[in-house]
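Colleague:
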Amino acid sequence: MLKSYKTEINPTPEQKVKINKTIGTCRYVYNFYLGHNKVLYDKGEKFMTGKSFSVWLNNEYIPGNPDKAWIKEVYSKAVKKSIEDGYTAFTRFFKHQSAFPNFKKKGKSDVKMYFVKNNPKDCKCERHRLNIPTLGWVRLKEKGYIPTIKDGWKIKSGTVSMKADRYYVSVLVEIPDIKIANNSGDGIGIDLGLKDFAVISNGKTYKNINKSARVGKLEKRLRREQRCLSRKYENLKKGESTQKNIQKQKLKVQRLHHKIDSIRTVYINKTVAEIVKTKPSYIAIEDLNVSGMMKNKHLSKAVASQKFYEFRTKLKAKCDNNGIELRIVDRWYPSSKMCHCCGSIKKDLKLSDRIYRCSCGYIEDRDFNASLNLRDAVTYEVA
-16 MLKSYKTEIN
-6 PTPEQKVKIN
4 KTIGTCRYVY
14 NFYLGHNKVL
24 YDKGEKFMTG
34 KSFSVWLNNE
44 YIPGNPDKAW
54 IKEVYSKAVK
64 KSIEDGYTAF
74 TRFFKHQSAF
84 PNFKKKGKSD
94 VKMYFVKNNP
104 KDCKCERHRL
114 NIPTLGWVRL
124 KEKGYIPTIK
134 DGWKIKSGTV
144 SMKADRYYVS
154 VLVEIPDIKI
164 ANNSGDGIGI
174 DLGLKDFAVI
184 SNGKTYKNIN
194 KSARVGKLEK
204 RLRREQRCLS
214 RKYENLKKGE
224 STQKNIQKQK
234 LKVQRLHHKI
244 DSIRTVYINK
254 TVAEIVKTKP
264 SYIAIEDLNV
274 SGMMKNKHLS
284 KAVASQKFYE
294 FRTKLKAKCD
304 NNGIELRIVD
314 RWYPSSKMCH
324 CCGSIKKDLK
334 LSDRIYRCSC
344 GYIEDRDFNA
354 SLNLRDAVTY
364 EVA
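For what it's worth, the working numbering labels the leading residue of the sequence shown as -16, then goes sequentially.
#1: Return helix, strand or coil for Arg206, following the three-state DSSP convention.
#2: Taking Ile268 and Lys297 to be in contact with their CB atoms under 8 angstroms, please state how far apart those CB atoms are, rounded to whole angstroms.
#3: What's the C-alpha gap between Ala82 and Ser65?
#4: Counting C-beta neighbours from all protein chains within 10 Å, is the total for Ser(-13) 16 or more, i.e. buried, or is it exposed?
#5: Taking three-plus beta-carbon pairs below 8 angstroms as touching, is the segment 345 to 365 in contact with the segment 178 to 197?
#6: According to DSSP, which residues form a beta bridge with Gly172?
#7: May I have the straight-line CA-CA distance separating Arg110 from Tyr58, to the nearest angstrom?
#8: Do the CB positions of Val365 and Glu308 come within less than 8 angstroms of each other?
#9: What residues in its chain sit with their C-beta under 6 angstroms from that of Ile115, if we drop five residues either side in the sequence?
#10: Under the three-state reduction of DSSP, which class applies to Glu67: helix, strand or coil?
#11: Identify which residue in Lys34, Gly69, Lys(-11) has its Cα closest to the Cα of Gly18.
#12: Output yes if chain C places a C-beta closer than 8 angstroms to the C-beta of Met321; else output no.
#13: Under a Cβ-count criterion, where at least 16 other Cβ atoms within 10 Å of its own Cβ denotes burial, should Asn42 be classed as buried or exposed?
#14: Rounding to the nearest angstrom, what Cα-Cα distance links Ala72 and Arg337 in this structure?
#15: Excluding sequence positions up to five away, which residues of its chain have a Cβ less than 8 angstroms from the Cβ of Asn228?
#16: Is there contact between the segment 263 to 283 and the segment 189 to 200, where contact requires at least three CB pairs shorter than 8 angstroms?
#17: Judging by CA-CA distance, which residue of Asp270, Val62, Lys299, Lys231 is the nearest neighbour of Asp174?
#18: With a threshold of 16 other CB atoms inside 10 Å of the CB of Tyr13, please say whether the residue is buried or exposed.
#19: Indicate the three-state DSSP secondary structure (helix, strand or coil) for Val62 in the structure shown.
#20: Residue range of the beta strand (DSSP E) that Met31 falls in?
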């Protein structure tokens, strides 16, 4: 069984230079692979796979262009992985599973440094440090989180990433198969929304973390820092500002974005953990049309900040680890408009109607009524 662990690291200045150089090279090679295939397509020539491009790059292109020899100065496995990622993106495009691959922009795209265990000395982990190929021993900020050598668990591969001038390592660990306990509890339904993040059919309600005072203060501060950054760019045209000051201000904005994102992620992790700890026999959620909801200019920001897709992904992973069946109810299922008592459908229900009132005398909170209907749904797909 494979399990991933992600934690923050504290590299030395020399290690930071190596990480930044490797990430920059991987971004350049990824973009070069996309651009090269685009040129071949325009000429009507054959598409070049990732393996053939890697052979051509190392044996023909770099020897013929000495100014590109810096590509070979970084970890070769990381460069090769970036080419494989480009080939995967093209494969998904050819299968009509995604749009045409985009070029990765410096400072905006999430590019990572990939590493893999090649020999017994690589990827060793102790309580406070981790051995990464070409970097050596890197100190961990969270001690004892990643399984160590003494535990007998092996690290297969991993990635190093950078966000808001902070560095993180994510490793894939091979662990023994866990015995899944029998979950004899009743099933539950979860209704996700904007007023409250999640309403559970067992009566538990998880508030919207974006309405808290802490997030509100950070968002207010973020708006102020973004206006300051915008003014610096305006002054740059007049020659009244310097590039160094802009980089400092950009880092302030990135750190605030990262802090707000971390608060939302931690809240989702705690919510998923609490739900799974109740040990239900199954969990039913609705297949939300998030892309359609994002088209509403009045709700798009609120929908994006709720991170519904991340919640569903993490809930599925937790359910798989604990032997809980995750049921995905169709998005057209009238969970909000259906009366849980008599089953009649109220077609004229508005979004502003927060209390569900039925002609049979049934009165209940709109979201709680939807969670009950999701729990009792007969038609669904198992994720």
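Beta carbons: idealized from backbone N, C-alpha and C, even for Gly. All values reported here derive from a predicted model rather than from experimental measurement.
Modeller: According to the structure data:
#1: Here the question's residue 206 lines up with position 223 in the sequence shown. The three-state secondary structure of Arg206, taken from DSSP, is helix.
#2: The sequence position of residue 268 within the sequence shown is 285, counting from 1. The sequence position of residue 297 within the sequence shown is 314, counting from 1. 12 angstroms between Cβ atoms; not a contact.
#3: Within the sequence shown, the letter at position 99 stands for residue 82. Within the sequence shown, the letter at position 82 stands for residue 65. Straight across, the Cα-Cα distance linking Ala82 with Ser65 is about 18 angstroms.
#4: Taking the sequence shown and counting its residues from 1, one reaches residue -13 at position 4. Result: exposed.
#5: In short, these stretches touch, since the Cβ pair count reaches three.
#6: Taking the sequence shown and counting its residues from 1, one reaches residue 172 at position 189. DSSP lists Ala267 as partners of Gly172.
#7: Stepping through the sequence shown from its first residue, residue 110 is reached at position 127. Stepping through the sequence shown from its first residue, residue 58 is reached at position 75. Using only the alpha carbons, I get a separation of about 25 angstroms.
#8: As a first step, residue 365 must be located in the sequence shown, where it is residue number 382. As a first step, residue 308 must be located in the sequence shown, where it is residue number 325. Yes, these two residues count as a Cβ contact at 8 angstroms.
#9: In the sequence shown, counting from the first residue as 1, residue 115 sits at position 132. Excluding positions up to five away in sequence, the list reads Phe98, Val121.
#10: Here residue 67 refers to the residue found at position 84 of the sequence shown. DSSP places Glu67 in helix when its eight states are reduced to three.
#11: Here residue 18 refers to the residue found at position 35 of the sequence shown. With distances taken between Cα atoms, Gly18 lies closest to Gly69.
#12: Protein chain content of the structure displayed is limited to a single chain, and chain C is not contained in it.
#13: Within the sequence shown, residue 42 is the residue found at index 59, counting from 1. The residue in question, Asn42, is exposed, as its Cβ has fewer than 16 Cβ neighbours within 10 Å.
#14: Against the sequence shown, residue 72 aligns to sequence position 89. Against the sequence shown, residue 337 aligns to sequence position 354. Cα to Cα, Ala72 sits roughly 43 angstroms from Arg337.
#15: Sequence index remark: in the sequence shown, residue 228 carries index 245 (1-based). Apart from the 5 residues on each side of it in sequence, Asn228 sits with its Cβ closer than 8 angstroms to the Cβ of Lys215 in its chain, given in chain order.
#16: Look at the beta carbons and you see the segment 263 to 283 not touching the segment 189 to 200: under three pairs across the two are nearer than 8 angstroms.
#17: Taking the sequence shown and counting its residues from 1, one reaches residue 174 at position 191. Here the closest residue by C-alpha is Asp270.
#18: Within the sequence shown, the letter at position 30 stands for residue 13. Burial call: buried.
#19: Within the sequence shown, the letter at position 79 stands for residue 62. Collapsing the DSSP output to three states places Val62 in a helix.
#20: If you number the sequence shown from 1, residue 31 lands on position 48. Careful: Met31 lies outside any beta strand (DSSP E) and carries neither H nor E.
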